[in-house]
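Worksheet: the structure to be examined is printed underneath.
2 protein chains.
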Amino acid sequence: MLEDKVRLAPVGLGRWARVLARGAQRGDVVDLYSCFSRDEQRRTSFCEEFGITRSAGSYEELLSDPDVEGVIVTTPNDTHRDVIVQALEAGKDVYTDKPIAHTLEDANRIAAAVTDTGRVFAVGHSSRRLSGHREMKRWIDDGRIGDISLAEANFSNERGLELTPKTWRYYADKSPGGAFIQLGVHHADTLQFLLGPVARVTAHARRLYTKSEVPDAVMAICEFASGALGYIGTGWASPGVYTMNLLGTKANLRYDLDFTHWDESHQADDWSTLRSQFYGESVRQPVPLPRTDMFREQLDEFALAIRGQASVEVGAVEAVRALAVVRSVLESSKRNGEAVDVAEVIGSAVATASVS
Amino acid sequence: MLEDKVRLAPVGLGRWARVLARGAQRGDVVDLYSCFSRDEQRRTSFCEEFGITRSAGSYEELLSDPDVEGVIVTTPNDTHRDVIVQALEAGKDVYTDKPIAHTLEDANRIAAAVTDTGRVFAVGHSSRRLSGHREMKRWIDDGRIGDISLAEANFSNERGLELTPKTWRYYADKSPGGAFIQLGVHHADTLQFLLGPVARVTAHARRLYTKSEVPDAVMAICEFASGALGYIGTGWASPGVYTMNLLGTKANLRYDLDFTHWDESHQADDWSTLRSQFYGESVRQPVPLPRTDMFREQLDEFALAIRGQASVEVGAVEAVRALAVVRSVLESSKRNGEAVDVAEVIGSAVATASVS
Numbered sequence: 001m002l003e004d005k006v007r008l009a010p011v012g013l014g015r016w017a018r019v020l021a022r023g024a025q026r027g028d029v030v031d032l033y034s035c036f037s038r039d040e041q042r043r044t045s046f047c048e049e050f051g052i053t054r055s056a057g058s059y060e061e062l063l064s065d066p067d068v069e070g071v072i073v074t075t076p077n078d079t080h081r082d083v084i085v086q087a088l089e090a091g092k093d094v095y096t097d098k099p100i101a102h103t104l105e106d107a108n109r110i111a112a113a114v115t116d117t118g119r120v121f122a123v124g125h126s127s128r129r130l131s132g133h134r135e136m137k138r139w140i141d142d143g144r145i146g147d148i149s150l151a152e153a154n155f156s157n158e159r160g161l162e163l164t165p166k167t168w169r170y171y172a173d174k175s176p177g178g179a180f181i182q183l184g185v186h187h188a189d190t191l192q193f194l195l196g197p198v199a200r201v202t203a204h205a206r207r208l209y210t211k212s213e214v215p216d217a218v219m220a221i222c223e224f225a226s227g228a229l230g231y232i233g234t235g236w237a238s239p240g241v242y243t244m245n246l247l248g249t250k251a252n253l254r255y256d257l258d259f260t261h262w263d264e265s266h267q268a269d270d271w272s273t274l275r276s277q278f279y280g281e282s283v284r285q286p287v288p289l290p291r292t293d294m295f296r297e298q299l300d301e302f303a304l305a306i307r308g309q310a311s312v313e314v315g316a317v318e319a320v321r322a323l324a325v326v327r328s329v330l331e332s333s334k335r336n337g338e339a340v341d342v343a344e345v346i347g348s349a350v351a352t353a354s355v356s
Numbered sequence: 357m358l359e360d361k362v363r364l365a366p367v368g369l370g371r372w373a374r375v376l377a378r379g380a381q382r383g384d385v386v387d388l389y390s391c392f393s394r395d396e397q398r399r400t401s402f403c404e405e406f407g408i409t410r411s412a413g414s415y416e417e418l419l420s421d422p423d424v425e426g427v428i429v430t431t432p433n434d435t436h437r438d439v440i441v442q443a444l445e446a447g448k449d450v451y452t453d454k455p456i457a458h459t460l461e462d463a464n465r466i467a468a469a470v471t472d473t474g475r476v477f478a479v480g481h482s483s484r485r486l487s488g489h490r491e492m493k494r495w496i497d498d499g500r501i502g503d504i505s506l507a508e509a510n511f512s513n514e515r516g517l518e519l520t521p522k523t524w525r526y527y528a529d530k531s532p533g534g535a536f537i538q539l540g541v542h543h544a545d546t547l548q549f550l551l552g553p554v555a556r557v558t559a560h561a562r563r564l565y566t567k568s569e570v571p572d573a574v575m576a577i578c579e580f581a582s583g584a585l586g587y588i589g590t591g592w593a594s595p596g597v598y599t600m601n602l603l604g605t606k607a608n609l610r611y612d613l614d615f616t617h618w619d620e621s622h623q624a625d626d627w628s629t630l631r632s633q634f635y636g637e638s639v640r641q642p643v644p645l646p647r648t649d650m651f652r653e654q655l656d657e658f659a660l661a662i663r664g665q666a667s668v669e670v671g672a673v674e675a676v677r678a679l680a681v682v683r684s685v686l687e688s689s690k691r692n693g694e695a696v697d698v699a700e701v702i703g704s705a706v707a708t709a710s711v712s
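Line order of the protein sequences matches chains Z and W. Here the working numbering is used: the first residue of the first sequence is 1, the next is one more, and so on. Here the working numbering is used: the first residue of the second sequence is 357, the next is one more, and so on.
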């Protein structure tokens, strides 16, 4: 425990800011010191809920407070660039929720600001921290699973059926890819954490049952540089699903998490199972998992990194890679399923940024 | 029970002929009356194992036996056309294991012979008869699952790691598509049974860990005419997997079968679970399933159809549709994941056949 907790300020005080604030308060490293939203009522109720004694009347005011060491950004994806770059340039360290941004151009601008300012920057690709995924990584690294040929992941819930024009996620320009940029991006990061970089993707996105502008059914095949094939399915029109299956030459692993308990990440392990299957086994054996708390852990890590006592696991590089898969998926779908080179999509974003 | 059982003769007396013969003998409709393989030793041991009192020394001899009412074909895929057409033209009814053939040209030739001869013809797309899939169909038909956005299926096992040049499945010209034509074709049929025709596919096939000529990792995205998206994954380099998940606007269904018990289909239900998930449910409820026996049922149905007491569920039309998905998957993979129109692949096969 730090004698002097790290003073962080949530920015954008919606539902997700609350989930993260609860995560931070389960730890003993973060002091939720101040906060900001343009909406005064939101500030007041957020302060009340989390026992925060001050808030800022403007973002500039927040960033000029010398006691604020870092900000926790949960504003809409299409505002990330401005909110994050402004904070970095004001000398604040930044944690942002995933995706890093909604476009690679914005993501690259953020990455450049991180490099220029040298600030600590962390992106909330929390799902790779789930105990089941950490255990999968150990099985891959120590060879227990053998060589992986197929990796299959799904992350779906009902949000697309509930979207109204009042929420930013309803709009294609603010939340391009719908279910895939909000949910699929988690698997895009976790699969690359487990299996290395995705070289190419082939995908189809459909708007089937949502009234919003964005897809509620997306399927993507990822070709890993290693040769393995990956599948990511995301839907926004069904009860919640969070699964990942790895098929290896020595064993299979199947991870299944009850999405109902996603937000309370200290309890997620109680509602998830990792099962192994070796040759000839009819019973899939549960693999014991150490307890984790993904939201707490990532905020603790960010806070400790600010004090030089930890390093950030998911920074701009990893987050850009995850977003690049998302953008490649959308590009492939636009091209009717044509295989799209992830490096090309990253490259063309860099080219666009440098001429703009 | 028939007073006078239907006299059938297995042709091609390998491992699969035995699995089917055991299925037939669990019923009380089929009389395994004779059999044929070019290998005399195989004939002798097959007759012994199943209590068959006669066998034929040549295929012509078998087909000229007026007491043989139908044949059960389990010869290699690339021999189906000749073996089946010869039987049909000799006035025998034919059951063949899936796929109907290894090419659409061969499949069309078979379909034409079925039409010309008017014989009973059945294809062993057994998996749609699994109790879990029958129940899925009831949930779709009565609206319990709502509208389906995503359907995900996997069928994998370790066969690709075991293939040697001594088996026909080793060779690309005899078993094109490897894992996908042998395993994926089941899901290609079952998904179309459940969700209607597949309009287009996008796919990647890889040869990763097998020493054979055929792919051991294949992933395909199917676009159904209904708008739903389907995924089929097949591998030949891991412990056995057989799963299908349906994501609907009202509920999800997840079916999981232990492949270890596939061959003994009267026990498969003991090793499979269908689970439902409605909104807010943390526990996936097991759905009670009536007991089934897919191999027995399809052979009973075939035999009863010979006597005009049943109709065949999976004939040439359905089997060609399943094979067309397989061939489209291979074509898409060859074209680097480009989306391929299933109707075009069927059409070009018809065009090729009519000029050859």
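Beta carbons are placed, not taken as given, at the ideal position from N, Cα and C, and that holds for glycine. Keep in mind the model is a prediction, meaning the values are calculated, not measured.
### Message
Can you check which of these residues, Z/Val-312, Z/His-102, Z/Arg-22, Z/Arg-15, is closest to Z/Gln-267 by C-alpha distance?
### Response
Z/Arg-22
### Query
Any Cβ of chain W within less than 9 angstroms of the Cβ of Z/Glu-338?
yes
### Task
Would you mind telling me which residues of chain Z sit closer than 7 angstroms to W/Trp-585, beta carbon to beta carbon, in chain order?
Contrary to the premise, residue 585 of chain W reads as Leu rather than Trp in this sequence. Here the neighbours are His-204, Arg-206, Ala-217, Met-219.
### Query
Using Cβ-Cβ distances below 7 angstroms, what residues of the region 230–251 of chain Z are close to chain W?
Tyr-231, Gly-233, Gly-235, Ala-237, Ser-238, Pro-239, Val-241, Leu-247, Gly-248, Thr-249, Ala-251
### Message
Short of 7 angstroms in beta carbon distance, which residues of its chain neighbour W/Asp-503, apart from the five on each side in sequence? Order them along the chain.
### Response
Gly-604, Thr-605
### Message
Can you tell me whether Z/Leu-13 is helix, strand or coil according to DSSP?
### Response
coil
### Query
W/Val-681: buried (16+ other C-beta within 10 angstroms of its C-beta) or exposed?
buried
### Query
CA-CA distance, Z/Thr-260 and Z/Leu-289?
19 angstroms
### Query
Is W/Val-476 near W/Asp-438, with beta carbons less than 9 angstroms apart?
no
### For W/Asp-438, the three-state DSSP class (helix, strand or coil)
helix
### Query
Hey, would you say Z/Gln-86 sits closer than 9 angstroms to Z/Leu-104, going by beta carbons?
no
### Message
Going by DSSP, what residue range makes up the alpha helix (DSSP H) through Z/Phe-302?
### Response
294–306
### Message
Is it buried or exposed, W/Asn-692, if we count other Cβ atoms within 10 angstroms and call 16 or more buried?
### Response
exposed
### Query
Nearest to Z/Val-19 by alpha carbon, out of Z/Val-340, Z/Leu-299, Z/Thr-273, Z/Lys-5?
Z/Leu-299
### Query
Quick one: does Z/Ser-131 have its CB under 9 angstroms from some CB of chain W?
no
#### Entry: C-beta contact flag for Z/Pro-10 and Z/Thr-115 at 9 angstroms
no
### Message
Considering only the alpha carbon of each residue, which of W/Ile-456, W/Leu-388, W/Glu-404 lies closest to W/Val-427?
### Response
W/Leu-388
### Query
Looking at the structure shown, is Z/Leu-104 part of a helix, part of a strand, or coil, going by DSSP?
helix
### Query
Residues of chain Z with CB under 7 angstroms from W/Phe-634, in chain order?
Pro-239
### Task
Check W/Gly-488 in the structure and name its three-state DSSP category.
helix
### Host alpha helix (DSSP H) of W/Val-541 (start-end)
541–551
### Message
My output table needs one value for Z/Tyr-170: the three-state DSSP class, helix, strand or coil.
### Response
helix
### Message
Does any residue of chain W have a CB that is nearer than 9 angstroms to the CB of Z/Arg-200?
### Response
yes
### Task
Mark Z/Asp-173 as exposed unless 16 or more other C-beta atoms lie within 10 angstroms of its C-beta, in which case mark it buried.
exposed
#### Entry: Start and end residues, alpha helix (DSSP H) containing W/Thr-688
With the sequence shown as reference, residue 688 of chain W is identified as Ser, and Thr is not the correct amino acid for it. Note, W/Ser-688: alpha helix (DSSP H), 672–690.
### Query
Under 8 angstroms from any heavy atom of the ligand SAH, does the C-beta of W/Cys-578 make it?
Within the structure as shown, the ligand SAH is missing, as the structure has no ligands at all.
### Message
Comparing C-alpha positions only, which one of W/Ser-594, W/Gly-533, W/His-560 sits nearest to W/Arg-515?
### Response
W/Ser-594
### Task
Give me the Cβ distance between Z/Ala-305 and Z/Val-312, rounded to the nearest whole Å; I'm assuming they're in contact under 8 angstroms.
5 angstroms
### Query
What's the gap between the Cα of W/Glu-620 and the Cα of Z/Cys-222?
35 angstroms
### Task
Name, in chain order, the residues that DSSP records as bridge partners for Z/Asp-93.
Z/Gly-70
### Query
Can you list, in chain order, the residues of the region 256–278 of chain Z whose Cβ is nearer than 8 angstroms to any Cβ on chain W?
Asp-258, Thr-260, His-261, Trp-271, Gln-277, Phe-278
### Message
Here's a check: name, in chain order, each residue in its chain whose Cβ is nearer than 7 angstroms to the Cβ of W/Leu-686, leaving out the five neighbours to either side.
### Response
Pro-532, Gly-533, Ala-561
### Query
Which value, in whole angstroms, describes the spacing of the CA atoms of W/Phe-580 and Z/Ala-188?
25 angstroms
#### Entry: Closest by C-alpha distance to Z/His-186, when choosing among Z/Gly-280, Z/Arg-129, Z/Lys-334, Z/Asp-65
Z/Arg-129
### Message
Measuring only the C-alpha atoms, how far is Z/Ile-52 from Z/Phe-302?
### Response
20 angstroms
### Query
What is the DSSP secondary structure of W/Ser-482, reduced to helix, strand or coil?
helix
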